[in-house]
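Offset between the sequence shown (1-based) and my numbering: plus 755. Below: one structure, written as structure tokens.
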Amino acid sequence: MPTAILIDGAYFIKRFRSIEPHNSMDPQRAADVAHRWAVAHLTTANKPKRELYRIFFYDCAPLEKKMHYPVTKRAVDFAKSPEAVFRRKLHDLLRRKRKVALRLGHLSPQVGWTVSQAKLDDILKQKLLIRHQP
756 MPTAILIDGA YFIKRFRSIE PHNSMDPQRA ADVAHRWAVA HLTTANKPKR ELYRIFFYDC
816 APLEKKMHYP VTKRAVDFAK SPEAVFRRKL HDLLRRKRKV ALRLGHLSPQ VGWTVSQAKL
876 DDILKQKLLI RHQP
């Protein structure tokens, strides 16, 4: 029976990095492992092997915009970050894999910086100080 396999890209990368921390930024290894782990799910003990229809890898394209840090006002170009470079290369390698379909979502452009509630509480209790350096 033809079987489709769905991979949540963000979850896969999180698990991949926890299992193989020494390869955490190696897109070639990540692409190979994603394919191998998916194919491994086609076999089950005491059952006939299922036929692979397609592996659907769902992820979001990396953040490509430029922003400024809220406190220091320094510019940051997310397109040049190691994570963005890793994701772009991983997506490119997955596109080349046999029977893999890459589906990319998009990030909301209206989202800005957020401060976690725990850090905000620390700031309000003056346990955490913010220093602005020009």
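Ideal placement from N, C-alpha and C gives every residue a C-beta, glycine not left out.
Here the alpha carbons of Q865 and V840 stand approximately 23 angstroms from one another.
Judged by beta-carbon spacing, L848 lies within the 9 angstroms limit of P782, meaning their Cβ atoms are closer than that value.
In the DSSP assignment, V840 falls within the unbroken alpha helix (DSSP H) covering P837 to R851.
When the five nearest sequence neighbours on each side are left out, the beta carbons in the same chain lying within less than 8 angstroms of the beta carbon of H861 are those of C815 and A816, in order along the chain.
Between the alpha carbons of L879 and W868 lies a gap of roughly 18 angstroms. By a beta-carbon distance limit of 8 angstroms, V794 contacts L807. Their separation comes to about 7 angstroms. Burial is judged here by how many other beta carbons sit within 10 angstroms of a residue's own beta carbon; I885 has fewer than 16 and is exposed. Among the bridge pairs identified by DSSP, P757 is matched with E806. Per DSSP, H861 lies in no beta strand (DSSP E) segment and is marked neither H nor E. Selection W792, R791 and K844 evaluated against M780 yields K844 as nearest (Cα-Cα). In this structure, L761 lies near Y813, with their beta-carbon atoms less than 9 angstroms apart.
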